[in-house]
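Chain order of the listed sequences is A and B. The first sequence begins at 1 in the UniProt record's numbering and counts up one residue at a time. The second sequence begins at 1 in the UniProt record's numbering and counts up one residue at a time.
Number of protein chains: 2
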Amino acid sequence: MPAVSGLPDDVEPGACSAFRTALDRVGSKWGIAIIAVTSGGPVRFADLHRAVPGISRRMLTLTLRTLERDGLLIRTVYPTVPPQVEYAATDLAKDLFASTRALSDWAEHNHERLEAARLAYDNDEESARQYH
Amino acid sequence: MPAVSGLPDDVEPGACSAFRTALDRVGSKWGIAIIAVTSGGPVRFADLHRAVPGISRRMLTLTLRTLERDGLLIRTVYPTVPPQVEYAATDLAKDLFASTRALSDWAEHNHERLEAARLAYDNDEESARQYH
DNA sequence: CTGGATCCGCACTGATACTG
DNA sequence: CAGTATCAGTGCGGATCCAG
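This is the structure we're talking about:
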């Protein structure tokens, strides 16, 4: 049964929930950055840590585990001394990264518009407050 | 200066940060759902509440404010009794929603693969734990 | 009907220290 | 080098009550 008469009733089960599924996997704070870096080829932990500015080693580890769990990353351990671990994006991850492009483009083309909208909104807020 | 030699050094300033910008706007738990519903035309608050299953009125209000602030939603108040408020997606939001399609498609086509990968990973974890 | 205000639990995240 | 363990802060999100 449609939740609202006259409205498309396949909003939630359709594209939206699928989008959220993707977001839950890749929408984490560092997910895309890591996939982006590892898309070029295997990268070591320390290099990854340097390549993603601002990430802590803890979050790097956690995010890597999640991505590996979802089959987006291949983790290769070389039993050397000192130990060496390489992470590489799978084809699945590369597809995902490519699917990300449209959204990036949108953001890139419209971030000024968003900025302007926010400023305008905040200004209206402020002037409206002058009437208590 | 490149963070990692041999690696593309425009990972963060490029597509990735733009993607994160978009995510910060629309990656909230309910953002896309609301944009999806309001893309078809103006929708009232109560109808929106029914059309997005699981959302609380509080989060609906908060998310609507954010979207309106970013110029993604138009809020129209009819000074009737009882009050009536309609929300409609702007063209900007509709573009954003369209840019979302690629990611939704990816999720739709690959969610089984993700599921399988997770099961396999968890099984390996479990059997590895048997050796303490 | 459409919110605002408040309280509160929880999950994400970072800092730090420690280990194989 | 590549993690793990623990502690603590922060903000999101829900529940509830109140208001125009």
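The beta carbon of each residue, even a glycine, is placed where N, CA and C say it ideally should be. Everything numeric in this text was worked out from a predicted model, so none of it was measured.
Contact check, residue i vs residue j, beta carbons under 8 Å
i                      : j                     : result
residue 52 of chain B  : residue 96 of chain B : no
residue 116 of chain B : residue 21 of chain A : no
residue 89 of chain A  : residue 39 of chain A : yes
Partner residues on chain A for residue i, Cβ-Cβ distance less than 8 Å
i                      : result
residue 142 of chain B : Here chain B covers residues 1 to 132 and nothing more, so residue 142 of chain B does not appear.
residue 22 of chain B  : 103, 104, 106 and 107
residue 89 of chain B  : Here the premise fails: no neighbours, minimum Cβ distance about 12 Å.
Where residue i meets chain A, residues with beta-carbon distance less than 7 Å
i                      : result
residue 110 of chain B : 92
Residue i to residue j span [Cα, whole Å]
i                      : j                      : result
residue 60 of chain B  : residue 30 of chain B  : 8 Å
residue 113 of chain B : residue 125 of chain A : 47 Å
residue 33 of chain A  : residue 91 of chain B  : 29 Å
residue 85 of chain B  : residue 105 of chain A : 32 Å
residue 87 of chain B  : residue 111 of chain A : 22 Å
residue 119 of chain A : residue 36 of chain A  : 32 Å
residue 62 of chain A  : residue 43 of chain A  : 16 Å
residue 55 of chain A  : residue 28 of chain B  : 21 Å
residue 50 of chain B  : residue 57 of chain B  : 10 Å
residue 123 of chain B : residue 17 of chain A  : 27 Å
residue 46 of chain A  : residue 93 of chain A  : 21 Å
residue 24 of chain B  : residue 19 of chain A  : 15 Å
residue 128 of chain A : residue 41 of chain A  : 54 Å
residue 121 of chain A : residue 121 of chain B : 47 Å
residue 48 of chain B  : residue 48 of chain A  : 43 Å
residue 109 of chain B : residue 109 of chain A : 28 Å
Where residue i falls: helix, strand or coil (DSSP)
i                     : result
residue 85 of chain B : strand
residue 73 of chain B : strand
residue 52 of chain A : coil
residue 12 of chain A : The predicted position of residue 12 of chain A is uncertain, since its pLDDT is 45 and thus under 50; no value can be drawn from it.
Contact list for residue i against chain B, beta-carbon separation under 8 Å
i                     : result
residue 68 of chain A : 121
Contact set between residue i and chain B, taken where Cβ atoms lie within less than 7 Å
i                     : result
residue 25 of chain A : 114
residue 96 of chain A : 106
Per-residue contacts from residue i into chain A (C-beta, under 9 Å)
i                      : result
residue 57 of chain B  : Here the premise fails: no neighbours, minimum Cβ distance about 15 Å.
residue 128 of chain B : The premise fails here: residue 128 of chain B is roughly 13 Å from chain A at the closest Cβ pair, so nothing lies under 9 Å.
Under 9 Å by beta carbon: chain B residues contacting residue i
i                      : result
residue 118 of chain A : 69, 70 and 71
Check your understanding: Using 8 Å as the Cβ pair cut-off and three pairs as the minimum, do the stretch 97-108 of chain B and the stretch 53-67 of chain B touch?
Key -> Three or more beta-carbon pairs separated by less than 8 Å are not found between the stretch 97-108 of chain B and the stretch 53-67 of chain B, which leaves the two stretches without contact.
Practice item. Decide yes or no for the touch test of the stretch 71-91 of chain B against the stretch 69-80 of chain A: beta carbon pairs closer than 8 Å, at least 3 of them. Key: no
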